[in-house]
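Peer 1: This is the structure I have questions about; it appears just below.
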Amino acid sequence: MQLKGKRILIEKPVRPDNGVILTEDAQASLDAEFMKSWSRLNITAVGDEVTMVKVGDQVYIGSALANCEIVDIDGKVFFIAYESNIAIVW
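Residues in the sequence shown are numbered consecutively from 1455, following the working numbering.
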């Protein structure tokens, strides 16, 4: 796989399963709260035009995360964001 352009691939953190079965609305609400805590997301791939970050960097995307594409690659879920969406690099 080769990412193109100014895109970055970020692995979606996995929320621990608490074993409780929730309604779809309750699950969506819990996921939204969990998502707010994501302040350091790991970059797993960068496009061929990315210059600001590298694989392994941790970034904060902020509210732009809600507009990212979501892809499943080999059973793992990733976000595809643009380099310009990065607000903080650690």
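Using N, Cα and C, we set each Cβ at its ideal position, and we do this for glycine too.
Please read all numbers here as calculations on a predicted model, not as lab measurements.
What does DSSP give as the partner residue(s) for N1496 in the beta ladder?
Peer 2: According to DSSP, which records beta bridges pairwise, N1496 is partnered with Q1512.
Peer 1: Where does A1518 sit, in a helix, a strand or coil, going by DSSP?
Peer 2: Note: A1518 maps to helix in three-state DSSP.
Peer 1: Apart from the five residues on each side of it in sequence, which residues of its chain come closer than 6 Å, Cβ to Cβ, to L1476?
Peer 2: Hits under 6 Å: none found.
Peer 1: Let me know if C1488 comes out buried or exposed under the rule of 16 or more other beta-carbons within 10 Å of its beta-carbon.
Peer 2: Per the sequence shown, residue 1488 should be read as Phe rather than Cys. It counts as exposed.
Peer 1: Return the first residue and the last residue of the beta strand (DSSP E) that R1469 is part of.
Peer 2: Counting along the chain, R1469 falls outside any beta strand (DSSP E), and DSSP gives it neither H nor E.
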